[in-house]
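Following this note's numbering, the numbering of the sequence shown begins with 625 at its first residue and continues without gaps.
Remarks on the structure that follows.
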Amino acid sequence: MARLFRIRWFMDFLLTALLACAALGLIVSPKETAAAAREGFALCVDVILPSLFPFFVISALTIELGLTRRPGALLEPVMRPLFRLSGPCSAAVVLGFLGGYPVGAKTAISLYESGLCDREEAERLLAFCNNSGPAFILGAVGTGILGSSAAGWLLYLTHTAASLTVGVLFRFYKRKDKRGAPRAAETGAGPRAPGRRPVRLSEAFTRSVKSSFSSVFYISAFVIFFTVTVRLLFLSGLLPGAAQGLGGLLGVSACTVEQWLTGCIELTGGLWSLRGDATEFLAGKMAMAAFMLGWAGLSVHCQVLSFIGGSGLSARAYIAGKLLHGLISAAYTALVMSVSGLSVPVSGVIAEQVEGLAGMRFTSTLLMTLGIGAGVFLAFLLGAAPGWRRRGRRVSTFDAFPHTIKMRKP
625 MARLFRIRWF MDFLLTALLA CAALGLIVSP KETAAAAREG FALCVDVILP
675 SLFPFFVISA LTIELGLTRR PGALLEPVMR PLFRLSGPCS AAVVLGFLGG
725 YPVGAKTAIS LYESGLCDRE EAERLLAFCN NSGPAFILGA VGTGILGSSA
775 AGWLLYLTHT AASLTVGVLF RFYKRKDKRG APRAAETGAG PRAPGRRPVR
825 LSEAFTRSVK SSFSSVFYIS AFVIFFTVTV RLLFLSGLLP GAAQGLGGLL
875 GVSACTVEQW LTGCIELTGG LWSLRGDATE FLAGKMAMAA FMLGWAGLSV
925 HCQVLSFIGG SGLSARAYIA GKLLHGLISA AYTALVMSVS GLSVPVSGVI
975 AEQVEGLAGM RFTSTLLMTL GIGAGVFLAF LLGAAPGWRR RGRRVSTFDA
1025 FPHTIKMRKP
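Right under this line is the structure:
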């Protein structure tokens, strides 16, 4: 007991010292930290809000209106043998690959809270459904940072393959549980079992917009906080010092370790640090970028943990899945690079491309993501709209649409 008390006292003391140092850094370097906060806020306004908010609304509406049932039934023969997941979980997988961080995790938690999957399925799903979007990998990372569209496609393919590999590996997660146990949606024992009453479209839309805006607000707060945190670590010399020490211990350059540490903390800053001159080639940067994209960074993890909150889901499966995703993605990328021999140099013209990507304003980004989001939502509508035979008569998914959308038991 005394030892436990000493450990807790030491942790409290360490946390207090870190907070005091952070406050001192804000006082000593107000100009630099304020500039970092403005950069984080601009990132949220120009990128986070227009790119994530439409997908959050779409995922919430998809679950609220029960549109996962019909596509879920079609994808059940794929989801069950590969990932040991029910069909409705496919919504989190699809939206996770299209919407980017952390749309997949938010959708998975919503599925669990709606009773469409049980606890083990939700934790298994969280391990691999939270992925980077194609626009970010192909545009910002491939063309903008690494200077090669081929590098962007390679990263996207290895990122996707590594995610699916993690999903297959996690099908053995909690394998000793009873097989064939009914899901929460079937027993009505979930946090919020669906299908108990008709849901109006206006009610579902209003609730989806409110919850989505709240989610984007929390994500923006984490982005600004970690942007300032990384700047403080550089100003204090802690991050360069740690990189110097680890570099000497591991026998690698301090610059490489510094890039890796930055990416482990904040994804965008770590990827941005991979820029270089025209004499550098892609091989080493590709593997490091693949790991950063798979791991996602502490900033993304805190966003997901804020969604997990009081749901009762364990975060250990999610963290383990992201670590595996980063390692497997880096291994796949290194293997493909050794076979393909891709070694396109980073061009000096890329700086202009990066400025163009970073200069995308709210309206253009919003219109682009709304178009993609509308396409995804239309696909779910087309998949759910066809009726099916039940008790000898044909029943449509949209009864009395648009006034009332009746949700049936799975």
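We treat Cβ as the ideally placed atom computed from N, Cα and C, and that holds for glycine.
Residue 855 is a Cβ neighbour of residue 657, given a cutoff of 8 Å.
Under the 10 Å beta carbon count, residue 730 is surrounded by 16 or more other beta carbons and is classified as buried. Residue 727 is a Cβ neighbour of residue 676, given a cutoff of 8 Å. Listed in chain order, the alpha helix (DSSP H) elements of length 4 or more contained wholly in the region 839 to 888 are 862 to 874. By the neighbour-count definition (other C-beta atoms within 10 Å, threshold 16), residue 635 is an exposed residue.
With 16 or more other CB atoms across the displayed protein chains lying within 10 angstroms of its CB, residue 765 is buried. Per DSSP, the unbroken alpha helix (DSSP H) holding residue 957 starts and ends at 940 to 964.
If you draw a straight line from the Cα of residue 956 to the Cα of residue 776, it comes to about 14 Å. Taking the CA atoms as reference points, residue 756 sits about 31 Å from residue 875. Distances from the CA of residue 796 to each of 767, 941, 962, 952 were compared; the closest alpha carbon is that of 941.
For residue 674, the enclosing alpha helix (DSSP H) begins and ends at 673 to 688. Here the region 695 to 707 makes no contact with the region 874 to 888; the two share fewer than three CB pairs at distances below 8 Å.
Here residue 919 is buried, its C-beta having at least 16 other C-beta atoms within 10 Å.
For residue 769, no alpha helix (DSSP H) segment is defined, and its DSSP state is neither H nor E. If you check the CB distance, residue 710 and residue 745 come in under 8 Å.
Per DSSP, reduced to three states, the secondary structure at residue 700 is helical. About 21 Å separates the Cβ atoms of residue 718 and residue 952, ruling out a contact at the 8 Å cut-off.
Only residues of its own chain outside the window of five on either side were considered, and among them 684, 688 have a CB closer than 8 Å to the CB of residue 831, listed in chain order.
In the displayed model, residue 798 falls within coil according to three-state DSSP, outside both helix and strand. When DSSP states are grouped into helix, strand and coil, residue 630 belongs to the helix group. In this structure, the CA atom of residue 670 is about 22 Å from the CA atom of residue 754.
Judged by DSSP in its simplified three-state form, residue 918 adopts helix. About 12 Å separates the CB atoms of residue 961 and residue 912; that is not less than 8 Å, and the two are not in contact. Straight-line measurement puts the Cα of residue 738 at about 14 Å from the Cα of residue 937. In this structure, residue 841 keeps its C-beta atom at 8 Å or more from the C-beta atom of residue 926.
Non-local C-beta neighbours of residue 946 in its own chain, meaning closer than 6 Å and more than five positions away in sequence, comprise 919, 920, ordered along the chain. Looking only at 943, 741, 933, the smallest Cα-Cα distance to residue 888 is reached by 943.
Apart from sequence neighbours up to five positions away, the residues of its chain that approach residue 732 with a beta-carbon distance below 7 Å are 716, 746, 749, 750, 753, ordered along the chain. When secondary structure is reduced to three states using DSSP, residue 663 falls in the helix class.
The straight-line gap separating the alpha-carbon atoms of residue 848 and residue 769 is approximately 22 Å. When the beta-carbon positions are compared, residue 661 and residue 852 come within less than 8 Å of each other. Secondary structure at residue 708: coil, using DSSP grouped into helix, strand and coil. 898 is the residue among 870, 682, 898, 930 whose C-alpha sits nearest the C-alpha of residue 917.
Remark: C-beta atoms of residue 651 and residue 844 do not approach each other more closely than 8 Å.
Linking residue 653 to residue 908 through their CA atoms gives a straight-line distance of about 34 Å. Counting only the Cα atoms, residue 702 lies some 9 Å from residue 708.
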